[in-house]
């Protein structure tokens with residue numbers, strides 16, 4: 001390499017008056033390049049040895065000069081690591097170094113260093129003593145190799161390289177991935193406070209959420225997030241569940257009412273997904289707004305479901321490279337931004353509509369007990385209007401995807417030939433607890449949750465069908481020590497819930513199979529089953545630690561109530577022509593979705609009472625009991 005022969009020094013002057021004296025050859029990088037490429041930028045050499053830079057402030061200029069001094073000092077050394085280039089300077093320095101090379105004929109190592117810095121720069125430097133998956137590409141990192149299904153690829157990397165915890169590059173973001181159940185639990189529980197934060201992502205936080213605020217689950221940790229979680233946890237606590245019994249009664253009855261009608265009492269095969277979607281969404285609408293929709297294909301209901309699912313797709317890393325490769329945000333005709341703004345406007349429209357309906361009901365004295373009404377009437381609340389909106393948004397946009405995804409897929413597994421034995425044993429356990437006459441049991445289904453076999457099915461459904469395969473990312477608020485490595489403050493941590501939930505080292509050789517009896521002990525004396533005791537989270541689908549899902553209790557109750565009523569009246573059989581896909585990866589029709597979208601299937605509902613009298617009787621009683629519930 002040819003040595004740089006300085007002929008003189010030049011003084012660089014920033015737009016706020018700071019001055020730095022550098023070699024004229026170095027000044028080419030900081031200033032002359034601007035003159036060579038674009039005179040409109042305002043480069044001005046006032047004297048031969050003094051250069052004013054109207055577009056560069058003192059902070060940036062200091063970083064430029066620091067970089068130049070460092071690289072010039074160590075130009076001949078092969079052992080000195082490259083100085084990290086500030087991301088806001090990297091592109092300018094690359095172009096400038098190229099200019100210097102062309103104009104002076106000096107062969108330097110700056111171009112290679114700067115280019116390498118641009119292409120491999122991450123928000124967090126390489127974490128020592130923590131394995132990094134090989135094969136990261138410039139700019140994109142591991143994004144392309146991860147493909148659509150990040151959870152499955154990360155699980156394969158775990159098994160291939162023998163490390164459950166490793167680091168990867170998502171564009172310019174360094175992330176730590178945790179795979180095994182034991183490591184996931186240790187990371188989330190033992191470091192609960194260190195992992196209490198969430199990272200902000202450009203598309204979801206910066207574009208989609210710019211009007212209604214963040215959901216509870218996606219909010220970075222601050223006092224507002226703490227208040228929202230506390231309010232949501234209180235609203236959805238076990239102690240509050242009894243207040244919602246009329247809602248559970250009505251909504252679970254409506255599933256059976258409409259399935260009974262649309263299947264012609266079991267004579268016609270049906271797709272159960274629409275009924276379960278309405279069930280979950282009506283529950284959250286009732287809690288938030290005291291409003292429900294009775295029709296399965298109600299236009300507003302379908303709009304909420306469509307927009308919510310579309311937003312979910314935009315939150316996925318595999319669908320949204322611009323969150324991790326910033327330059328993509330500024331491309332002309334950016335379809336991601338256009339789509340995000342369109343969905344934001346559609347979501348704002350129905351959220352405003354729902355809140356206005358509550359205001360109207362309050363005015364008319366017809367409002368029902370709900371979160372929004374309590375706030376609007378200022379009933380002992382310390383939450384702001386934005387925080388209330390965030391809670392309602394969280395419930396409406398969260399539960400309607402995860403609960404149907406889990407429940408529909410669970411019913412799919414139960415309907416298979418292998419699942420028939422689980423149905424039969426659950427039905428026998430229902431009768432053991434509530435007797436052969438199901439009328440009393442129907443009224444108690446959502447109150448006690450006392451059928452061990454049903455509880456085991458609910459738990460196994462959550463484990464096996466990990467609808468959020470990669471949990472929402474965490475962000476460290478302090479350094480985390482992990483087996484010789486120090487994960488720095490500000491690092492993204494990804495919990496591979498799918499891998500952890502199917503970890504054969506923890507759950508045994510049948511970890512990849514649907515088997516509710518893993519949660520049960522046989523109880524010969526009682527002629528049934530008892531639930532195994534457990535400490536800590538049974539699975540990772542609700543998260544763990546400081547940011548675990550506050551809706552876990554109500555989600556489990558919803559699944560339990562629906563299964564109790566469905567299995568007590570019908571034996572469910574898979575359609576021969578449109579059977580369910582029960583593979584814990586392939587059941588998801590869109591692998592890139594943040595929340596799984598189960599492939600559609602149909603089932604036959606075979607009445608347990610061949611006369612049909614029991615079904616008609618309990619349905620008629622439920623209709624009479626619930627006809628005044630949440631009636632507008």
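Numbering (UniProt numbering), first residue to last: 1 to 632. Every residue gets a Cβ at the ideal spot worked out from N, C-alpha and C, and that includes glycine.
Inset, instruction - Below 6 angstroms CB to CB, which residues in the same chain sit around residue 157 once its five sequence neighbours on both sides are set aside? - result: 133
Legend entry - Nearest neighbour of residue 319, chosen from 610, 628, 595 [CA to CA]: 595
Legend entry - residue 386 burial status per 10 Å Cβ neighbour count (16 or more: buried): exposed
Inset, instruction - Could you tell me whether the segment 163-183 touches the segment 609-620, using the rule of 3 or more Cβ pairs below 8 angstroms? - result: no
Inset, instruction - Whole angstroms is fine: what's the gap from residue 620's alpha carbon to residue 279's? - result: Distance between the alpha carbons of residue 620 and residue 279 is about 19 angstroms.
Inset, instruction - For residue 254, count neighbouring Cβ atoms within 10 angstroms of its own Cβ and tell me buried if that reaches 16, exposed if not. - result: buried
Legend entry - Cβ-Cβ distance between residue 442 and residue 622 below 9 angstroms: yes
Legend entry - Option nearest residue 347 by Cα separation, candidates 312, 500, 304, 339: 304
Legend entry - residue 573 (DSSP reduced to helix, strand or coil): strand
Inset, instruction - State the Cα-Cα distance for the pair residue 350 and residue 471, rounded to the nearest angstrom. - result: 27 angstroms
Legend entry - Between the CA atoms of residue 250 and residue 153 - distance to the nearest angstrom: 42 angstroms
Legend entry - Residues of its chain near residue 626, where Cβ-Cβ distance is below 8 angstroms and the 5 sequence neighbours each way are ignored: Here the set comprises 246, 249, 250, 253.
Legend entry - Backbone CA spacing between residue 446 and residue 566 [nearest angstrom]: Taking the straight line from one Cα to the other gives about 13 angstroms.
Legend entry - Beta-carbon contacts of residue 276 that lie in its chain and below 6 angstroms, excluding the five residues immediately before and after: 404, 407, 408
Inset, instruction - Provide the residue span of the alpha helix (DSSP H) that contains residue 384, from first to last. - result: Looking at the DSSP string, residue 384 is not in any alpha helix (DSSP H), and its letter there is neither H nor E.
Legend entry - Exposure of residue 369, with buried meaning 16 or more beta-carbon neighbours within 10 Å: exposed
Legend entry - Sufficient close CB pairs (3 or more, under 8 angstroms) joining the segment 187-195 to the segment 204-220: Using a Cβ-Cβ distance cut-off of 8 angstroms, the segment 187-195 and the segment 204-220 are not in contact, since fewer than three pairs of beta carbons, one from each stretch, lie closer than that value.
Inset, instruction - Look up residue 169 in the DSSP assignment and say whether it is helix, strand or coil. - result: strand
Legend entry - Alpha carbon of residue 602 to alpha carbon of residue 578, nearest angstrom: For residue 602 and residue 578, the gap between their C-alpha atoms comes out near 6 angstroms.
Inset, instruction - Look up residue 585 in the DSSP assignment and say whether it is helix, strand or coil. - result: coil
Legend entry - Nonlocal neighbours in the same chain, by C-beta distance under 6 angstroms from residue 141, ignoring five residues either side: 169, 170, 171
Legend entry - Simplified DSSP state of residue 141, which is helix, strand or coil: Strand.
Inset, instruction - Let me know if residue 138 comes out buried or exposed under the rule of 16 or more other beta-carbons within 10 Å of its beta-carbon. - result: By the 10 Å Cβ count, residue 138 comes out exposed.
Legend entry - residue 445 - partner residues in DSSP beta bridges: Its beta-bridge partners do not exist; DSSP assigns none.
Inset, instruction - Using only alpha-carbon positions, find the residue among 629, 463, 520, 516 that is nearest to residue 498. - result: 463
Inset, instruction - May I ask you to list the residues that DSSP assigns as paired with residue 197? - result: Bridge partners of residue 197: 475.
Legend entry - Local Cβ density within 10 Å of residue 332, reported as buried at 16 or more and exposed below that: Residue 332 is exposed by the Cβ-count criterion.
Legend entry - Same chain only: Cβ atoms within 8 angstroms of residue 345, ignoring 5 sequence neighbours per side: none
Legend entry - residue 466 versus residue 593 - alpha carbon distance: 12 angstroms
Legend entry - Where the beta strand (DSSP E) containing residue 523 begins and where it ends: 520-523
Legend entry - Three-state class that DSSP yields for residue 486 in the structure shown: strand
Legend entry - residue 416 - partner residues in DSSP beta bridges: DSSP output for residue 416 lists no bridge partner at all.
Legend entry - Range covered by the alpha helix (DSSP H) that runs through residue 614: 613-626
Inset, instruction - Confirm, please, whether the CB-CB distance from residue 188 to residue 291 is below 9 angstroms. - result: no
Inset, instruction - Specify whether the segment 551-569 and the segment 604-614 touch according to this definition: at least 3 beta carbon pairs, one from each stretch, less than 8 angstroms apart. - result: yes
Legend entry - Neighbourhood of residue 191 by C-beta distance below 6 angstroms, restricted to the same chain and skipping five residues each side: 480
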